[in-house]
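Following: one structure in structure tokens, then a few remarks.
Residue numbers (my numbering), protein chains in the order written: chain V, 1 to 494; chain S, 1001 to 1494.
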């Protein structure tokens, strides 16, 4: 049976999909997600069947090619295609075994991740794997094998120098310690290749905040050029493709907001391994409204990170920190960048908690690398402005202005002051509400939008004290943030 | 932000999908499977986002509509669309709760099934539900609620007469008792509305075999016309849409060949409830190479079917039967139809096991309905040819020839005799190998292809005795079946 090729002009970035009319599919006994070898002239490739169930332009006798099929059949523009039905990929058997609660071997997991990276599995099939891991977990050995398979099936960096790295589990607005730790480690003479994410549900990811000052999107080679020059970088991981299997998991986890611990652990450690990190510090903030909500969960995650790290030959240290309120005072890209610069400039407006936390993490990381008197060392690096100079050097290497300074920064033009409606002491600040207000004001899309916290936990307030100021460049967005604040305050005052 | 509408000319029969370029998706902070309200002029509808990750014809500023979007926005041909981001559908929260191992209430399950039927959930999302049920199961109450929700969200039939029904769990080639039970029950004066499936992995489903003699694809109204005239029918369930939520599950279960028991149970019983069955007989064949492989599994399934049946007000009787070898002698649509006709014609070539089993099931079903001396009754109905006449009446009502007879049937023109290579007694016949040989010969696509078993279990054979004959209409397909037989024999001889 031959089919007339039709270009669907559609690309999904996933498997090479071919569309058949349902009558032809029935005739060939083919079902959604079945694998076929597609022959066009002397060329052939493997495709995944999708079936047009209703009316469409793929008629009986035609076959619709997604762009990925043409890419794989280089040179083919049209003509006729023949199909050969293939057995399901080996990876499916492994996913089914996991669903049944069986342990997968190192070889199994490598095969699975290889299949994921080569786009051999459909979304439906991989969702089953994520579901199995969410429900039953993976043991330490499986998680380590997953991390190693992700490294093996992605790009890697192998520098001769000692490489340090840090990671934060997240969920706390304003927690931009990375932007202080990176220049400090580099100023101390160590290499640190920091790839970060953008905001997914937060008001600003590290990449969004760095982007308020410089570019964050670089190829791997351009990034290595920056590291060679400055010993550090703060770039967006999404453009580097260090652990590409991970992107696929993220896509499937998002609709149900799943975040299975073993995939989280494997994905974090795989990224550290990919950049060739010798010492890795991981920060787990704990708080009722943070990502990790209890100390018990934090300790379990800590143990898993340490055990798996050890199994894959990474020197991992994990600290559990306070995530009960935002860190620093600014929330939103520019507002957070200003906090960071104030710390680096040793300005008196520098938020003490951000400064203390960044110094603590830098000290721990340098200590891991064998630096003597690291606690004193990091203070010196800050006070001497070595860290600020290094920061400016990196920002400039990433295409930002020379000698960036906090006074250069501009905030949103419309503001709203939210005031206390009673006297008392602040007991808690809800991270999720703070994030919501900053995103309503336009962050992270609008870099200058966000909010500034005038008061934080344990501080006393009077009636009518200004608690926070919202910044926005849109009257509508400011008014949305205002409406939200009228409905629910992020401050608990007693 | 306004988008220029582009008709993708693609329909999937699933949710209303809109495609965005990845830059626009980033700008709007939208991800795959996010829900949006789509406004075009004064019309609006809900769509599911998909993102073009590579190159495609949806450029920044454009929005690709799948055919389902145009169907929902009746009258809209093009122009500009605005989007409003919606919260995820309630059904997702329920799926996540199931993944966490929580029990779902009747209301939860109704909401979920309603969402499935209205195509509110993406494939990824529903796969998580199937995975959760596969791994953790559903309790009896949840299964009953699922069955009732499927009935409620599909078409139903409500006749005034007493309706009987039967179902077979399957996995045994040649097991065409339905085609004898249906005319017998109808000849006894009861109504039986039998919807069956086509072969998915077998050589012939009941629908494929009936189709060797008559049409099986009818609308619900046409089918009811046949039932009104003859009291029975044997049609393809896929065209009737009695339990439409079920089709969606089947699509998602297929890639990994999952068949979670609770979904199986709910789906079988929902279909029986939908046709208004008063008495339901379910046959579970057990055998090493059948669908249900052990007596223990069969008993567990039996109990579940009975308990859930009772909870939804169905009178269910379950029998466990021998599935250790094919039933009858023919395998493949026409070959099976010939076995059935031989039984009905009381021909001496009628396979005894098929006849005995069909009479046994008919007897049990009539007994459930209160027929006295049902064992004797079914024998009379057979010997008097009342059942044959009723069968011919139904076949004719379904568009087949008048007075259909076994002598009308034509088998594949090319044949191959497979012979024993030793003397002994047949210990077992592998159902899966038999299915494989018949499908290699061309069944069920070619109605005349298949095989005929000359010898069955417990029979003695000499060296060179013909064990089976393969029938095909293609020399190539015959040769494929031959090659397979040379490699592995379905007969175990001792």
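Glycine included, C-beta positions come from ideal geometry on N, C-alpha and C.
Item, Value
"Pull the bridge partners of residue 64(V) from the DSSP assignment, please.", "6(V), 19(V)"
"Which two residues bound the contiguous beta strand (DSSP E) that contains residue 1285(S)?", "1279 to 1286"
"Which residue from 422(V), 272(V), 127(V) puts its Cα closest to that of residue 312(V)?", "272(V)"
"Taking Cβ to Cβ, would you say residue 151(V) is nearer than 7 Å to residue 274(V)?", "yes"
"Taking just the CA atoms, how far does residue 233(V) sit from residue 390(V)?", "10 Å"
"Would residue 32(V) pass as an interface residue toward chain S - the criterion being a Cβ-Cβ separation below 7 Å?", "yes"
"How should residue 1060(S) be labelled, buried or exposed, when 16 other C-beta atoms within 10 angstroms of its C-beta is the threshold for buried?", "exposed"
"Taking the beta strand (DSSP E) that residue 1471(S) falls in, what are its first and last residues?", "1466 to 1472"
"Does any residue of chain V bring its CB to less than 7 Å from the CB of residue 1259(S)?", "no"
"Quick one: is residue 1497(S) near chain V, going by C-beta distance under 7 Å?", "Absent from the model: residue 1497(S). The displayed extent of chain S is 1001 to 1494, so no value can be given."
"Please go through the same chain and pick out, in chain order, the residues whose beta-carbon is closer than 6 Å to the beta-carbon of residue 368(V), but skip the five residues on each side of it.", "279, 317"
"Using the beta-carbon of each residue, which ones in chain V are nearer than 8 Å to residue 1102(S)?", "Going along chain V, no residue has its Cβ under 8 Å from residue 1102(S), so there is no contact; the nearest lies around 12 Å."
"At a Cβ threshold of 7 Å, is residue 1057(S) touching chain V?", "yes"
"Might you give, ordered along the chain, the residues of its own chain that have their beta carbon closer than 8 Å to the beta carbon of residue 425(V), omitting 5 neighbours on each side?", "458, 459, 460, 461, 493, 494"
"Residue 500(V) touches chain S at which residues, Cβ-Cβ below 8 Å?", "Because chain V in this structure spans residues 1 to 494, residue 500(V) falls outside the shown range and cannot be described."
"Helix, strand or coil: which one does DSSP assign to residue 1290(S)?", "coil"
"Let me confirm a value: residue 491(V) is counted as buried when at least 16 other C-beta atoms fall within 10 Å, else exposed. Which label applies?", "buried"
"Secondary structure at residue 271(V), three-state DSSP: helix, strand or coil?", "helix"
"For the beta strand (DSSP E) containing residue 1047(S), list its first residue and its last residue.", "1043 to 1052"
"Return no unless some Cβ of chain V is closer than 7 Å to the Cβ of residue 1135(S).", "yes"
"Going along the chain, which unbroken runs of the beta strand (DSSP E) with 3 or more residues stay wholly within the segment 78 to 114 of chain V?", "80 to 86"
"Hey, could you find the ends of the alpha helix (DSSP H) residue 1214(S) is sitting in?", "Run containing residue 1214(S): none; DSSP gives neither H nor E here."
"To the nearest whole angstrom, what separates the beta carbons of residue 1163(S) and residue 1200(S), a pair I think is in contact under 8 Å?", "Actually they do not touch by this definition, with Cβ atoms about 27 Å apart."
"Name the one or two DSSP bridge partners that residue 1492(S) has.", "1428(S)"
"Where residue 78(V) and residue 5(V) are concerned, what is the direct C-alpha to C-alpha distance, given to the nearest angstrom?", "5 Å"
"Go ahead and pull the three-state DSSP assignment for residue 303(V).", "helix"
"What number of angstroms, rounded off, separates the C-alpha of residue 422(V) from the C-alpha of residue 142(V)?", "53 Å"
"Any chance the segment 1334 to 1350 of chain S sits against the segment 1292 to 1299 of chain S, with 3 or more Cβ pairs inside 8 Å?", "no"
"Using a Cβ-Cβ cut-off of 8 Å (strictly less than) and excluding sequence neighbours within five positions of residue 405(V), which residues of its own chain qualify?", "341, 345"
"Cβ of residue 152(V) versus every heavy atom of the ligand SAM: is any distance shorter than 6 Å?", "As far as ligands go, the structure on display features none, and thus does not contain the ligand SAM."
"Hey, does residue 128(V) have any beta-carbon neighbour from chain S nearer than 7 Å?", "yes"
"Closer than 6 Å by C-beta to residue 1324(S): which residues in its own chain qualify, once you throw out the five before and the five after it? Chain order, please.", "1287"
"Does the beta carbon of residue 335(V) come closer than 7 Å to any beta carbon on chain S?", "no"
"Give me the chain V residues within the contact set of residue 1111(S), using Cβ-Cβ distance strictly less than 9 Å, ordered along the chain.", "None at all; the shortest Cβ gap to chain V is about 16 Å."
"Give the range of the beta strand (DSSP E) segment to which residue 1164(S) is assigned.", "1163 to 1168"
"Figure out for me which residue from 446(V), 228(V), 245(V), 400(V) has the closest Cα to the Cα of residue 335(V).", "446(V)"
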